[in-house]
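Scroll down for the structure; my scribbles are underneath it.
Numbering (UniProt numbering), first residue to last: 1 to 329.
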């Protein structure tokens, strides 16, 4: 199944299925303090995470936040996301296969404002459009992708690397079409979902992303949608696709622990103006008091006894990391 090519000149038009990148990792933006203990993780921007009386993971919404109207618990939750990835603690796994990616651009249906982020939807009846390989035992079908971002360029990503965060993070969501008949059942099932995460950093304009940015004024308000035409999400991936992988959860309710996370070890560049365009969207619907759509990320969750595997040896150990961006104070 052939996908439409990425726009001419797109910086990531030919992503390789696997490679060994140089030891220099992604440009960081600002350090993110880790939570003092796994019992309580706070974020003034979004919510409070803690342990409920039954020992489960709990999200408490900030007053007025549009996503949660009350606590959402995962009783006995032990594999919540996002996490802080410490490179020195990752485990190189030579058995990890290259990630095989094949998307059908024509399956792109529309872009819409969910009231939490903007999301691009795909027709998931298309059997061949998705990913396999990497840490996955089955083929996972493309469902949607969305972004998380902050109120400024100082933070916005959900995952962190060595206590550092990025201005935004892309999530490409897939479901296990071999094991489950539909996305809904996959969300609640073991090995149901696979999410590819990509960090965004400030730099040159991203031509493929611009196609989405141009449509954002049409979906300013919650529940609004617009056509976006054929779109191949692989245009948004870094050219080098070495990755980390771990077993985790959705970062929005129902917080289901059914996700195999595949976090790209290289970031992609977007321009400051492109990222600023994200912040023109609203959490609110037409006729409601306007709430700017920012800080739509979940705080870090405890790793507990999980291991993060790496497809590359290059990222293990503190000597290989070179942070060249701002690191704050």
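The beta-carbon is built from N, C-alpha and C at its ideal position, and this holds for glycine as well.
Asked	Found
Compare the Cα-Cα distances from residue 198 to each of 267, 161, 257 and report the closest residue.	267
Does the segment 124-140 come into contact with the segment 156-171, if we say contact requires no fewer than three beta-carbon pairs (one atom in each stretch) closer than 8 angstroms?	no
Less than 6 angstroms between the CB of residue 243 and some heavy atom of the ligand COA, yes or no?	Although the ligand COA was asked about, the structure shown includes no ligands whatsoever.
Which residue or residues does DSSP assign as beta-bridge partners of residue 226?	111
For the segment 271-280 against the segment 291-306, are there 3 or more C-beta pairs whose distance is under 8 angstroms?	yes
Cutting at 8 angstroms between CB atoms, please list the residues of its own chain near residue 153, excluding the five before and the five after it.	29, 167, 202, 272, 275
Thinking C-alpha only, which one of 113, 109, 88 is nearest residue 284?	113
For the alpha helix (DSSP H) that residue 215 lies in, which residues bound it at each end?	No alpha helix (DSSP H) contains residue 215, which DSSP labels as neither H nor E.
Could you tell me how far apart the beta carbons of residue 227 and residue 110 are, in whole angstroms, since I believe they sit closer than 8 angstroms?	6 angstroms
Within 10 angstroms of its Cβ, does residue 134 collect 16 or more other Cβ (buried), or is it exposed?	buried
How far does the alpha helix (DSSP H) with residue 278 in it reach, from first residue to last?	272-278
Using beta-carbon positions only, say whether residue 193 and residue 186 come within less than 7 angstroms of one another.	yes
Can you tell me the Cβ-Cβ gap for residue 78 and residue 300, rounded? I've got them flagged as a contact below 8 angstroms.	Residue 78 to residue 300, Cβ: 15 angstroms. No contact.
For residue 269, which beta-bridge partners are listed by DSSP?	201
Using the C-alpha atoms, what's the distance from residue 172 back to residue 191?	16 angstroms
Which two residues bound the contiguous beta strand (DSSP E) that contains residue 118?	118-122
Look up residue 84 in the DSSP assignment and give the residues it is bridged to.	160
From the DSSP output, which residues share a beta bridge with residue 176?	140
By how many angstroms is the C-alpha of residue 223 removed from the C-alpha of residue 264?	30 angstroms
Find the nearest neighbour of residue 108 within the set 142, 150, 195, judged by alpha-carbon distance.	142
Which residues in the same chain as residue 261 place their Cβ atom closer than 7 angstroms to its Cβ, once the five residues preceding and following it in sequence are excluded?	81, 195, 197, 245, 246, 248
Could you pull out every residue in the same chain whose Cβ sits closer than 7 angstroms to the Cβ of residue 180, ignoring the five residues on either side in sequence?	186, 189, 192
Assuming residue 187 is part of the alpha helix (DSSP H), what are its boundary residues?	183-188
Within 10 angstroms of its Cβ, does residue 297 collect 16 or more other Cβ (buried), or is it exposed?	buried
Taking only beta-carbon positions, decide if residue 302 is within less than 7 angstroms of chain D.	Among the chains in the structure shown there is no chain D, since it carries only a single protein chain.
Taking DSSP as the reference, what is the three-state secondary structure of residue 281?	coil
Kindly list the residues whose CB is nearer than 6 angstroms to the CB of residue 310, restricted to its own chain and excluding five residues on each side of it in sequence; keep chain order.	90, 92, 244
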